[in-house]
Amino acid sequence: MNGPHREIRVRAASRLGYRPTMAAPHPLPPRLDLGDVILRRFRTEDAEELRDAVAASYDELHPWMPWASAPPNLEDQREFIDRMSQWPSPGGSFAYGIFSAGKVSGVVGIEDRVGPGALEIGYWRRTGAGGRGIVTRAAGAVTAECLRLPAIGRVEIHCDASNMASAAVARRLGYRLDRLESRQPSAPSESDVMQIWVAETAPPHVPA
Ligand SMILES: CC(C)(COP(=O)(O)OP(=O)(O)OC[C@H]1O[C@@H](n2cnc3c(N)ncnc32)[C@H](O)[C@@H]1OP(=O)(O)O)[C@@H](O)C(=O)NCCC(=O)NCCS
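Residue numbers for the sequence shown follow our numbering, so the first one is 434 and each next one is one higher.
Given below as structure tokens:
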């Protein structure tokens, strides 16, 4: 979601003549309350906590996330927060931190790079925060908010065909597998096939 990989995607999108929809008529809510977890935009002072969450989860993130090619440093987290905490943002990106008991338990990112009328979401979860469905519930809430934006009729999840845990989140939320695309792997466990999952209506209630 961040780092050179994202820049390549943004440049590729502009080469195709697509410009991010920066003029969303109203912003995404800065905070979503899911009961035991809160989704909220990051603040500058979250940088250390975010760095610690990425560091604690590095062994799970490194195989799948191109931006986790090396252990995190504070400067990268500050840059990520600067870039991802306003919507609409110049780069068409936003991230909700998933906070549980005040700690970063994961992230759901939103990218405006998949064409008009559509947004892409991506996610990761802190190591040790599994088993409660926090990512499924967070990604479901974010999907619903994206689809509430007047110009948006489709939300996509792009997931490596080998990443069963990520595909399970999309499937649990009722996303439909729209197509497969071939691509160059950009993280160690990635294959050369990307699944594109699509939601056009808000996910039904996710069981507690
Ligand atoms: C992909 C990733 C976020 C999935 O995490 P996860 O812990 O499986 O997802 P959730 O937090 O939604 O938890 C789901 C689990 O909670 C359980 N659960 C409990 N309550 C639940 C609820 N109310 N709703 C949904 N699931 C619930 C599910 O049954 C599931 O259990 P299982 O793992 O035994 O099948 C995680 O593996 C990860 O961070 N991977 C590295 C980064 C990555 O690959 N990101 C995706 C890139 S496309």
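Glycine residues also receive a C-beta, built at the ideal position from the N, C-alpha and C atoms. In this text the structure is predicted, and so the values were computed from the model without any measurement.
Alpha carbons only, please: which of 542, 578, 625, 637 is nearest the one belonging to residue 475?
Numbered from 1 along the sequence shown, position 42 holds the residue referred to as residue 475. When each option's Cα is compared against that of residue 475, the closest is 542.
Using only the heavy atoms of ligand 1, determine whether one of them is closer than 6 Å to the beta carbon of residue 623.
Here residue 623 refers to the residue found at position 190 of the sequence shown. Outside the cutoff, so no.
Can you look up residue 515 in the DSSP assignment and give me helix, strand or coil?
Numbered from its first residue, the sequence shown carries residue 515 at position 82. Secondary structure of residue 515 (DSSP, three-state): helix.
Determine, using beta carbons only, whether residue 490 and residue 559 come nearer to each other than 7 Å.
For this step, residue 490 is matched to residue 57 along the sequence shown. For this step, residue 559 is matched to residue 126 along the sequence shown. Yes, Cβ-Cβ distance for residue 490 and residue 559 is below 7 Å.
When the cut-off is 7 Å and only beta carbons count, does residue 502 lie next to chain D?
Reference to chain D is not applicable here, since this structure consists of a single protein chain.
Could you check whether the Cβ of residue 626 sits closer than 6 Å to any heavy atom belonging to ligand 1?
By 1-based counting over the sequence shown, the position of residue 626 is 193. Outside the cutoff, so no.
Would you call residue 425 buried or exposed, if buried means 16 or more other Cβ atoms sit within 10 Å of its Cβ?
The first residue shown for the chain is 434 and the last is 641, placing residue 425 beyond what the model contains.
Assign residue 612 to buried or exposed, taking buried as 16 or more other Cβ atoms, counted over all protein chains shown, within 10 Å of its Cβ.
For the purposes of this step, residue 612 is identified with residue 179 of the sequence shown, where counting begins at 1. Counting Cβ neighbours within 10 Å, residue 612 comes out exposed, since fewer than 16 surround it.
Confirm the yes/no value for this check: CB of residue 598, any heavy atom of ligand 1, distance under 6 Å.
Counting from 1 along the sequence shown, the entry for residue 598 is found at position 165. Yes, the Cβ of residue 598 comes within 6 Å of a heavy atom of ligand 1.
Could you tell me whether the region 579-586 touches the region 502-515, using the rule of 3 or more Cβ pairs below 8 Å?
Contact fails: fewer than three Cβ-Cβ distances are below 8 Å.
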